[in-house]
DNA sequence: TGAAATGTTGGGGCG
DNA sequence: ACGCCCCAACATTTC
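Residue numbers (the numbering used here): 3 to 483.
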């Protein structure tokens, strides 16, 4: 590093490192665009930090996303470099190897990343390397949206109003051609073992998803073309392709929220339907806004009175929930969709999360951790704030006494039962009338459908009515101190 | 981005 | 014709 301390190298000579993290794309990538504009050769770098826990489904996704990015960047002329280690060590080593004059990245807003990046920036600057960071993953940065008195928002609707007033930057085009640096050592993606081997449980993921920038773009186009018009109604029906399914692409930054915003706004015939979709997109910004300003919501109840909540320790109940064997078909269908495809429809996430928290009285953090391991779109800010929303412990949360009835929710949003049949095949022959409450079906109906409760499909692990009363009683206790 | 309990209303059957 | 009861349908309150 000593040679770097002799003074800032002139742009055009010393290469730029673009440290890619959750921005695995070329389009609308401000750090990449800035490196291209700087004029010097560009070395795109991805660092796998072994200390950073990444869920199993997310690791699978990351492999695909890096493979796609590597191919795309190679075609642009600047091959992606892959390295493992602590970011500080990797960056300073690589900077030394190539005599880097600049390191650019796009900002991350998670508590750990903020402090890590702050330290990194200081260290690199000390080595006389130019450091610049950008916003690539949010519509507006967490500090750009403020109340009249300058505070962060705690409630979504006013946040949404304020966010709509922020003049977003126009999305940047992908760089056409990049000058690379030859002979830079890179690790092999296959050696990172991001994909499961034995057993290979990723078949359902492969069938469902196309990680990478191209997959993200075609999802967006398909959504705008065929689903957006009916979005306000169909988004709540889990057996339809009524939602965009862009969440995993957004998490890894394969597509930019501003690109989505712009494409949706420019689409013909959007109107109120597109407004409803952009509102949901803004929930993602809101979650990051909350986590940035209240980093403790990752692990602590935002409403501290929930600290006294008598969470149950019940391995058997958690096991039934996570495997989709609760005996409540809509819950089980959701949990199996998650296990098989790495994704769960949003309506069903609320039902399944409510069931774990309120029917089984299991701590929301336990559910959040399970989701983080199994979701391809696992995102700390979105996941944690959503679980707190369901638990009633969050900032802008549903009240605790709002307890979903899994039977009614099923009948309302999966009236024909097709969602249940798709993921709970042992109920496949049961008529819609009973598919959300097989325990109420007459003996003859069950027989004809080949269902034996307690054998081919579980009896309910808890009685809804009793579980509801128990949850309300527990909540009354903590309220009364 | 609930559900269940409780309250109110109004039509129709019936003595 | 009239009052009474029943109960579905809708509205309000409570958890």
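Note that beta-carbon positions come from the ideal geometry of N, C-alpha and C, so glycine has one too.
The secondary-structure analysis by DSSP pairs residue 21 across a beta bridge with 47, 107. Using a Cβ distance threshold of 9 Å, residue 70 and residue 213 count as a contacting pair. DSSP places residue 226 within a helical segment (H, G or I) once states are collapsed to three. Just measuring C-alpha positions, the residue of 451, 244, 324, 327 sitting nearest residue 416 is 244. In summary, residue 377 is buried, with 16 or more beta-carbon neighbours lying within 10 Å of its beta-carbon over all protein chains present.
The alpha-carbon separation between residue 109 and residue 429 amounts to approximately 47 Å. Within the stretch 403-442, the complete alpha helix (DSSP H) segments of 4 residues or longer fall at 408-415, 420-425, 434-437, listed in chain order.
By the C-beta density criterion, residue 343 is buried, having at least 16 other C-beta atoms within 10 angstroms. Taking the Cα positions, residue 67 is about 10 Å away from residue 255. CA-CA distance, residue 427 to residue 338, rounds to 11 Å. Comparing C-alpha distances from residue 320 to each of 75, 367, 303 shows the shortest one belongs to 367. Of the candidates 30, 16, 107, 79, the residue whose Cα lies closest to the Cα of residue 130 is 16.
Proximity of the stretch 402-417 to the stretch 218-225 falls short of the contact definition, fewer than three beta-carbon pairs being nearer than 8 Å.
Apart from the 5 residues on each side of it in sequence, residue 265 sits with its Cβ closer than 7 Å to the Cβ of 222, 226 in its chain, given in chain order. When secondary structure is reduced to three states using DSSP, residue 151 falls in the coil class, being assigned neither helix nor strand. Counting along the chain, residue 100 sits inside the alpha helix (DSSP H) bounded by residues 89-100. Looking at the DSSP output, residue 459 sits in a beta bridge with 455. In this structure, residue 33 keeps its C-beta atom at 9 Å or more from the C-beta atom of residue 177.
Counting along the chain, the unbroken alpha helix (DSSP H) around residue 128 starts and ends at 113-128. Three or more beta-carbon pairs separated by less than 8 Å are not found between the stretch 116-124 and the stretch 150-161, which leaves the two stretches without contact.
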